[in-house]
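Residues in the sequence shown are numbered consecutively from 3, following my numbering.
Report on one structure; see the data block that follows.
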Amino acid sequence: MASGEKNSAPYGSWKSPITADIVSGSDKRLEGFTVDSHGHLIWLETRPAESGRAVLVKESGEDITPKDFNVRNTVHEYGGGHFRVSGDVLVFSNFDDQRLYKQILSSSVSINDRASSSSFDLLLLLSEIIVRSSTDLAPHHSPTPTLLFLRLPEPELQAHLCLPDSGPVPITPDYAGPHVRYADGVFDGRLNRYIAVREDHRGADAKPANEIVSVTLNDNTTEEPKVLIRGNDFYAFPRMDLKGERLAWIEWSHPNMHWDKAELWVGYISENGDIEKRVVVAGGCRTLVESPTEPLWSSKGRIRELFFITDRNTGFWNIYKWIEEKNEVLAIYSLNAEFTRPFWVFGNRCYDIIERKEESTIIACSYRQHGKSYLGVINQAKNSFCSVDIPFTYISNIVASGQILYIEGASSVLPTSLAKVILDDRMSNIVDFSIMWSSSSDIDKYIPYFSRPEFIEFPTDVAGQIAYAYFYPPCNPEYNGSQEEKPPLLLESHGGPTDEAHGTLNLSIQYWTSRGWAFVDVNYGGSTGYGRAYRERLLGKWGIVDINDCCSCAKYLVDEGKVDGKRLCITGCSAGGYTTLASLAFRDTFRAGASLFGIADLKSLSDHMHKFESHYIINLAGNEIALNERSPFNFVDRFSCPIILFQGLEDTVNCCNLCFFFFSFYSALLMAGNCCSWVVQPEQARKIYDALKKKGLPVALVEYEGESHGFRKAESIKFTLEQQMVFFARTVGHFAVADDITPTHIDNFD
3 MASGEKNSAP YGSWKSPITA DIVSGSDKRL EGFTVDSHGH LIWLETRPAE
53 SGRAVLVKES GEDITPKDFN VRNTVHEYGG GHFRVSGDVL VFSNFDDQRL
103 YKQILSSSVS INDRASSSSF DLLLLLSEII VRSSTDLAPH HSPTPTLLFL
153 RLPEPELQAH LCLPDSGPVP ITPDYAGPHV RYADGVFDGR LNRYIAVRED
203 HRGADAKPAN EIVSVTLNDN TTEEPKVLIR GNDFYAFPRM DLKGERLAWI
253 EWSHPNMHWD KAELWVGYIS ENGDIEKRVV VAGGCRTLVE SPTEPLWSSK
303 GRIRELFFIT DRNTGFWNIY KWIEEKNEVL AIYSLNAEFT RPFWVFGNRC
353 YDIIERKEES TIIACSYRQH GKSYLGVINQ AKNSFCSVDI PFTYISNIVA
403 SGQILYIEGA SSVLPTSLAK VILDDRMSNI VDFSIMWSSS SDIDKYIPYF
453 SRPEFIEFPT DVAGQIAYAY FYPPCNPEYN GSQEEKPPLL LESHGGPTDE
503 AHGTLNLSIQ YWTSRGWAFV DVNYGGSTGY GRAYRERLLG KWGIVDINDC
553 CSCAKYLVDE GKVDGKRLCI TGCSAGGYTT LASLAFRDTF RAGASLFGIA
603 DLKSLSDHMH KFESHYIINL AGNEIALNER SPFNFVDRFS CPIILFQGLE
653 DTVNCCNLCF FFFSFYSALL MAGNCCSWVV QPEQARKIYD ALKKKGLPVA
703 LVEYEGESHG FRKAESIKFT LEQQMVFFAR TVGHFAVADD ITPTHIDNFD
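Structure below.
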């Protein structure tokens, strides 16, 4: 074969270096990051090689978290906001007991004396620093400072004092188990305390109590935290102004999820630390539906301003500010774009304030429009907004440190990464862009095999209405498909369902496209990233809008001549697995499907749901009757094509307490397991399996011992991916796969 000439082979049969072993490999996950008082980056990463343990890491690569600790909370089951740093003090939640711990990070003090001080005077000063520093450290495990002293000729004296890390010490009581959880904390420097959201499971009621509490930082004993705010169902984003006089927070109540309707409050703090009065800033008007989020205080100017994001009037989450003296809310910049994302986990930070010498406030923000994220800079004084070009097409979190921005993001060729971005003085262009952390560092050699997603708009079954998706064509530099055929299609319905596909690098998608499959990731009506009206298409219509949009997308690709209409397959996990099963039971668009711990019984799911989502399922379905009418579990006789089912046998309890690290095969979820506290009993998969077997349809059931709702073992992930490929190839593909894979048994076929 001539150099550069490609092989011609059937779609789906191509050989690819992106193997299932690589897809199921030990990629890390980023769970948060911050900058300490010295300008050093600190991030939290989960490590599959350590059973998903979450570890805080310094910019130098040194671990902060001791081996016997795991930095993770499970408030609302999904957690987030696991730690906070102020100065050299770190406070974090520990997974095993859910207590808060304080840890003193290493610090250093340098002294340069160019006056007339003697070395004796300098030693006295250093001695005072050592005593003071040791006293300030936690009473348990206080480290011994290291004094490095260098005497230079008079009148120039220099010295350096180094304080190593201390071990973590608990600052909340021991409740003999993980019964009390804390998240999203903030320091109150004026009263030397830590203010956080608390979820208390000690009561007899199955639904825990959610409150905002304060935890003292300076006592030798752990005390019961003091309740500051209570009475509503949920709280988030407690944020203190710099003087410690005002506390902002978000709250909401059943039956709403946060993105349905919420309120932003500000409380005024008395001398003894209580909230003496409070005012509702946004969300309090009965005629104005909005969901404010992410409050942030500015320190600029004579007037302290409170910034936040809300979707009032336009239906898009934009940045606003509250003018306290006038009790007015003003839009900073209006755009039909989303400047934040739904509150699934604590700790979202989609914008930050750039601290500069001038009085005006400059805001760095991310916004999402037409399926792509952008970096924006807002200058209040100049009333200007500019978009800054960076390599990321999806941005999740931003932290500012002077003119340096630390941004978490990804693109079609970059995995989830943490980048250091330096802006020029005009805040309009990048001076430097460097990757500080990456979830998958060894991927450059696979870039030629990456299929770049095409953002598509397609018509739905509602006249004049469109929906969105990312289409990935087959891509392999060594192969061409046969001119006589179109590629088979695998359609994914994402989980959530209030979530979205991002169009970023996902090796599991590239596993398919590099072998000659076309792949489409659908953002059906109800997905996020397109405003409130699009998100609310699914309210009362889950099991209708999502499956109609998935079917419409597949038909659109067939009509466009991009895929083979006789080889349409669908897959999804959890909530996406529900859309998959519902599409196969109630429509005839797809020729085969794969359900990964998919929901088949909506009524059972609703009955077993935890507090945070206890009204979510009924809101999506509309009513109790719909829960039954749209459950594939109740209509197994309607299945009419081959299906392979993958199910964990421990998917019978709230698995957030079992599986704190969740691998998603197709969707790069922002939270560690968006659906991992849902329950899908193995009996649901078995009932579907038995029904298809009885009808004579090709069917396979793969059950995993030791797996729950979301597979975490590399061997389970690998086997699931490979068996889907072989199942589709054998039942509808009409080709042999290039990989050496032993197929699982298919009833009514083998």
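By construction, the Cβ of each residue, glycine as well, lies at the ideal position given by its N, Cα and C atoms.
>> Among Gln649, Val423, Val524 and Phe713, whose alpha-carbon lies nearest the alpha-carbon of Gly411?
In response: Of all alpha-carbon atoms in Gln649, Val423, Val524 and Phe713, the one lying nearest the alpha-carbon of Gly411 is that of Val423.
>> Under 8 angstroms: do the segment 512 to 522 and the segment 467 to 476 share three or more Cβ pairs, one atom per stretch?
In response: By the Cβ test, the segment 512 to 522 is in contact with the segment 467 to 476, since at least three Cβ pairs between them sit closer than 8 angstroms.
> Can you give the beta carbon distance from Gln100 to Asn75, rounded, assuming they're within the 8 angstroms contact cut?
Replying inline: Between Asn75 and Gln100 the Cβ distance is about 6 angstroms, and since that is below 8 angstroms, they are a contact.
> Over what stretch of residues does the alpha helix (DSSP H) that includes Glu724 continue unbroken?
Replying inline: Counting along the chain, the unbroken alpha helix (DSSP H) around Glu724 starts and ends at Ala716 to Phe730.
> Exposed or buried, which one is Ser62 when buried takes at least 16 other CB atoms within 10 Å?
Replying inline: That one is exposed.
> Which one of Val291, Arg314 and Trp319 has the shortest CA to CA distance from Tyr532?
Replying inline: For Tyr532, the nearest C-alpha among the options comes from Trp319.
> Per DSSP, Ala471 is paired with what?
Replying inline: Answer is Ile458 and Val524.
> The alpha helix (DSSP H) spanning Asn75 covers which residue range?
Replying inline: In the DSSP assignment, Asn75 falls outside any alpha helix (DSSP H) and carries neither an H nor an E.
> Candidates Ala702, Ala716 and Val701: which alpha carbon is nearest Gly708's?
Replying inline: Taking each of Ala702, Ala716 and Val701 in turn and checking the Cα distance to Gly708, the smallest one comes out for Ala716.
>> At the level of alpha carbons, what is the spacing between Glu296 and Ser375?
In response: Glu296 and Ser375: Cα-Cα distance of roughly 18 angstroms.
> To the nearest angstrom, how far is it from the Cα of Leu541 to the Cα of Asp561?
Replying inline: Taking the straight line from one Cα to the other gives about 29 angstroms.
>> Here's a check: name, in chain order, each residue in its chain whose Cβ is nearer than 6 angstroms to the Cβ of Thr462, leaving out the five neighbours to either side.
In response: The answer, listed in chain order, is Ala469, Asp551 and Ser554.
>> Just to confirm, is the Cβ distance from Val701 to Leu694 under 8 angstroms?
In response: For the pair Val701 and Leu694, the CB atoms are nearer than the 8 angstroms cut-off.
> Just the Cα atoms here: how many angstroms apart are Tyr177 and Glu247?
Replying inline: Rounded to the nearest angstrom, the two C-alpha atoms are 31 angstroms apart.
> Near Leu598, which residues of its chain fall below 6 angstroms by C-beta distance, leaving aside the five closest residues on each side in sequence?
Replying inline: Non-local C-beta neighbours of Leu598 in its own chain, meaning closer than 6 angstroms and more than five positions away in sequence, comprise Cys575, Gly579 and Phe648, ordered along the chain.
> Roughly how many whole angstroms lie between the Cα atoms of Phe713 and Phe637?
Replying inline: Approximately 27 angstroms, taken between the alpha carbons.
> Grouping DSSP H, G and I as helix and E and B as strand, with all else coil, what is Cys553?
Replying inline: If DSSP states are grouped into helix, strand and coil, Cys553 belongs with the helices.
> Between the C-alpha atoms of Trp254 and Lys263, what's the straight-line distance to the nearest angstrom?
Replying inline: Roughly 7 angstroms between the two C-alpha positions.
>> Looking at the strands, I want to know which residues DSSP matches up with Cys367.
In response: Note: Cys367 sits in a beta bridge opposite Tyr353 and Gly378.
> What's the gap between the Cα of Arg232 and the Cα of Gly349?
Replying inline: Computed Cα separation, rounded: 20 angstroms.
> With C-beta atoms as the reference, is Leu377 less than 8 angstroms away from Ile397?
Replying inline: Against a cut-off of 8 angstroms, the Cβ pair of Ile397 and Leu377 comes out as a contact.
> Taking the C-alpha atoms as reference points, what is the distance between Gly698 and Ser642?
Replying inline: Distance between the alpha carbons of Gly698 and Ser642: 10 angstroms.
>> Along the chain, where does the alpha helix (DSSP H) containing Tyr691 start, and where does it finish?
In response: In this chain, the alpha helix (DSSP H) harbouring Tyr691 covers Pro684 to Lys697.
> Can you tell which of Ser585, Tyr103 and His711 has its C-alpha closest to the C-alpha of Asn222?
Replying inline: For Asn222, the nearest C-alpha among the options comes from Tyr103.
>> Within the continuous alpha helix (DSSP H) that includes Lys605, where are the two ends?
In response: First-last of the alpha helix (DSSP H) with Lys605: Leu604 to Asp609.
> Within this structure, are the beta carbons of Thr395 and Ser495 separated by less than 8 angstroms?
Replying inline: In this structure, Ser495 does not lie closer than 8 angstroms to Thr395 by Cβ.
>> Is the separation between the beta-carbon of Pro210 and that of Thr174 shorter than 8 angstroms?
In response: Their beta carbons are not under 8 angstroms apart, which means Pro210 does not touch Thr174 by this criterion.
> Tyr177 lies in the alpha helix (DSSP H); which residues open and close that run?
Replying inline: Counting along the chain, Tyr177 falls outside any alpha helix (DSSP H), and DSSP gives it neither H nor E.
> Residues bridged to Gln649 by DSSP?
Replying inline: Answer by DSSP bridge pairing, in chain order: Glu705.
> Is it the case that the Cβ atoms of Tyr408 and Val401 are separated by a distance below 8 angstroms?
Replying inline: Closer than 8 angstroms, so yes.
>> Quick check on Leu622: buried or exposed, where buried means 16 or more other Cβ atoms within 10 Å of its Cβ?
In response: When all chains shown are included, Leu622 counts as buried.
>> Would Pro634 and Ala602 be called neighbours here (beta carbons separated by less than 8 angstroms)?
In response: Yes, Cβ-Cβ distance for Pro634 and Ala602 is below 8 angstroms.
> Nearest to Leu46 by CA position, among Lys60, Tyr335, Phe751 and Glu52, is which residue?
Replying inline: Cα-wise, what sits closest to Leu46 is Lys60.
> Three or more beta-carbon pairs under 8 angstroms between the segment 357 to 366 and the segment 276 to 290, yes or no?
Replying inline: Counting Cβ pairs under 8 angstroms, fewer than three are found: no touch.
> Quick one, which of His260, Lys323 and Ser516 has its alpha-carbon nearest Arg803's?
Replying inline: Coverage of the chain is limited to positions 3 through 752, which leaves residue 803 absent and any answer about it impossible.
> Using the rule of at least 16 other Cβ atoms within 10 Å of the residue's Cβ for burial, across every protein chain shown, is Tyr270 buried or exposed?
Replying inline: Result: exposed.
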